Every structure is written in C-alpha cells, then in structure tokens.
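**Q** In my numbering, the protein residues as written are 1 to 97.
Dropping a structure here in structure tokens format, bear with me for questions.
Below is the structure:
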C-alpha cells in the first residue's frame, strides 16, 4: 500500500505544544502513522479496485450476453416445437373431418 503523506514531526510538535510529553507524543505519532499506513486506502488501492470492478463488469456483461443468446436459442426451439405440434394437431383434425 502506498503511504499517505503524514507529517509526523509537525504532529509531534503540536502534541508537545498542548502538554504531551515527548514519549506520549512519540507513541501517538507512531500509532497514528501505523493506522494510516495499514488501514487507509491509497490512490493506488482505489485505482486497483476500480480496475477489478471494471473487469468484473465486463465479465458479467459477457456472461449475460451468452445467457441471452442461449435463452433466445432455447425459446426459438420451444416455439418451433409448439408450432410443429400445432400444425400436426391441425392436420390430424383436418384428416378426421
């Protein structure tokens, strides 16, 4: 993960200015820097996530297109079967008359 620009020295100075001891300020600075570096998403992380989401979107679109083609084919076969059965039934009725 890319590191976020965080001025630890300036932060430590501010803490000391309001009454923190040097040890307390150091612990605060180290802890906050660690949290920022470990848990905050960087621009690189976000761009990577966007790329992954775009790939997933493209994959879903491709899968949906394949499903649409399969469904059209299946429905065409079913309609053809129904029409053939209808013609056969109509021919049988006409023979009986």
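Glycine included, C-beta positions come from ideal geometry on N, C-alpha and C.
Values in this document were obtained by computation on a predicted structure and should not be read as measured data.
Would you call the region 31-43 and the region 6-15 touching, i.e. three or more CB-CB distances under 8 Å?
**A** A contact exists between the region 31-43 and the region 6-15.
**Q** The alpha helix (DSSP H) that contains residue 119, what's its start and end?
**A** Residue 119 lies beyond the range of the chain shown here (1 to 97); nothing can be said about it.
**Q** Quick check on residue 18: buried or exposed, where buried means 16 or more other Cβ atoms within 10 Å of its Cβ?
**A** Walking along the chain shown from the start, residue 18 turns up at place 18. By the 10 Å Cβ count, residue 18 comes out exposed.
**Q** On the premise that residue 22 lies in contact with residue 16, defined as a C-beta separation below 8 Å, what is that separation, rounded to the nearest angstrom?
**A** Residue numbering aside, residue 16 sits at position 16 when the chain shown is read from its first letter. Residue numbering aside, residue 22 sits at position 22 when the chain shown is read from its first letter. Indeed they touch by this definition, with Cβ atoms about 7 Å apart.
**Q** Is it buried or exposed for residue 92, if we count other Cβ within 10 angstroms and need 16 for buried?
**A** Here residue 92 refers to the residue found at position 92 of the chain shown. Result: exposed.
**Q** Helix, strand or coil for residue 21, going by three-state DSSP, please let me know.
**A** Mapped onto the chain shown, residue 21 falls at position 21. In the structure shown, residue 21 sits in coil (DSSP, three-state: anything other than H, G, I, E or B).
**Q** Just the C-alpha distance for residue 58 and residue 49, rounded to the nearest angstrom, thanks.
**A** Along the chain shown, one-based indexing puts residue 58 at 58. Along the chain shown, one-based indexing puts residue 49 at 49. In a straight line, the C-alpha of residue 58 is about 14 Å away from that of residue 49.
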